[in-house]
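Under this note's numbering, residues 94 to 380 are what the sequence shown spells out, in order.
This report refers to the structure that appears directly beneath it.
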Amino acid sequence: MFSNIFKVQTTKVFTQRLFFTTTVNKNGRLSGKVALITGASDGVGKESSLLFAKEGAKILLVDINEAKGKQVADQIKTLGGEAYFFRADVSKAEDCKQMVEVAEKTFGKLNILFNNAGIMISDDDDSVKTTEAVWDQTMNVNLKGVFLGCKFGIPAILRAGGGSIINTASFVACMGAATPQIAYTASKGGVLAMTRELAVIHAREKIRVNALCPGPLRTELLDKFLDTPEKRNRRLVHLPMGRFGQADEVAKGALFLASDDSSYVTGSTFLVDGGLTAAYVTPIDKN
């Protein structure tokens, strides 16, 4: 999502693991539920859309990339699921209002809101070098976009009798980043704090709000940022599992938070990071 803002040269995109090969399960873990997923055309958003549909949910896919978003919706339909694509910019209030209205109009209700859309701009650096424009654009999408999703999504979820909100933060919301990316890190820290507050506010209204915090993933977004072997290896050495995560692994974490399996989970910092935030030193390879 928002790939046009990156000025770094795109490197080879690592192939995502394909696990969505069966038809949808009408009696799955999300059967009868309606999910709205932002940033749904790529990475975690795409894999979550496919997985949620596989588990029986009806999906409203939201992204600014209309071509890719419609492809994901068509893939879900081909496999027997129900999906609709709506183009929206999550940094704009009117777009967020409309996406929620479309979800209710198309599917009759909204049970799950996955505020997943996010950007990382290549010119994001330390506080001295990062421009105000980069800061503002990052905050508008990563932080304001989550706020607007909740602003218009929570009333809809209340009308449905409750549900689950998942906000994509990051492991950098829990620890300092390895290289300067001040706007991105601050935005994800804001998502984490906002998630906790929303969870407390709405806990007795049958709305659960949790922050999903992925570690480094082999996605197009990371490939554009870590565009040399040196940059990639600098991070891999600190991962206890010795590898980057996959988008579908994070999607499975999102599925847990979206489903009734997490009925007593709210206000959590749900880390899917290969042990990165738990590590003090690089583990010894015993092989």
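Don't be surprised by glycine CBs; every beta carbon is placed ideally from N, CA and C.
When DSSP reads this structure, residue 260 sits in a beta bridge with 208, 304.
Put simply, of 370, 128, 360, 262 the residue whose alpha carbon is nearest the alpha carbon of residue 213 is 262. Taken through DSSP and simplified to helix, strand or coil, residue 129 comes out as strand. Counted as a single uninterrupted DSSP element, the alpha helix (DSSP H) harbouring residue 328 occupies residues 322–329.
Rounded to whole angstroms, the gap between the alpha carbons of residue 238 and residue 143 is 22 angstroms. The Cβ atoms of residue 133 and residue 162 sit closer than 7 angstroms to each other. By the criterion of at least three beta-carbon pairs nearer than 8 angstroms, the segment 313–331 is not in contact with the segment 115–129.
Unbroken alpha helix (DSSP H) runs of no fewer than 4 residues, entirely contained in the segment 242–302, are found at 275–295, following chain order.
Under the three-state reduction of DSSP output, residue 338 falls in the strand class. By the criterion of a C-beta distance shorter than 6 angstroms, residue 327 is surrounded by no residue of its chain, once the five residues flanking it on both sides are discounted. In the structure shown, the three-state DSSP call for residue 117 is coil. Going by DSSP, residue 155 is part of the beta strand (DSSP E) stretching over 151–156.
Within the DSSP bridge table, the entry for residue 180 names 156 as partners.
Residue 371 and residue 335 have their alpha carbons spaced roughly 14 angstroms apart. The count of Cβ pairs closer than 8 angstroms, one atom from the segment 201–211 and one from the segment 247–263, reaches three, so the stretches are in contact. Residue environment for residue 140: buried (at least 16 other C-beta atoms within 10 angstroms of its C-beta). A contact between stretches requires three or more CB pairs, one per stretch, nearer than 8 angstroms, and the segment 286–293 meets this requirement with the segment 355–367. Counting of Cβ neighbours within 10 angstroms places residue 357 among the exposed residues, the total staying below 16. Our two residues, residue 191 and residue 282, have alpha carbons roughly 27 angstroms apart in a direct line. In the three-state reduction of the DSSP assignment, residue 310 falls in the strand class, which pools E and B. Between residue 255 and residue 294, the gap from beta carbon to beta carbon reaches 7 angstroms or more. Within the same chain, Cβ atoms closer than 6 angstroms to the Cβ of residue 228 are found at 276, the five residues on either side in sequence being excluded.
Between residue 304 and residue 260, the C-beta spacing is below 7 angstroms. In this structure, the beta-carbon distance from residue 310 to residue 337 falls below 7 angstroms. Per DSSP, the continuous beta strand (DSSP E) segment holding residue 364 begins and ends at 362–365.
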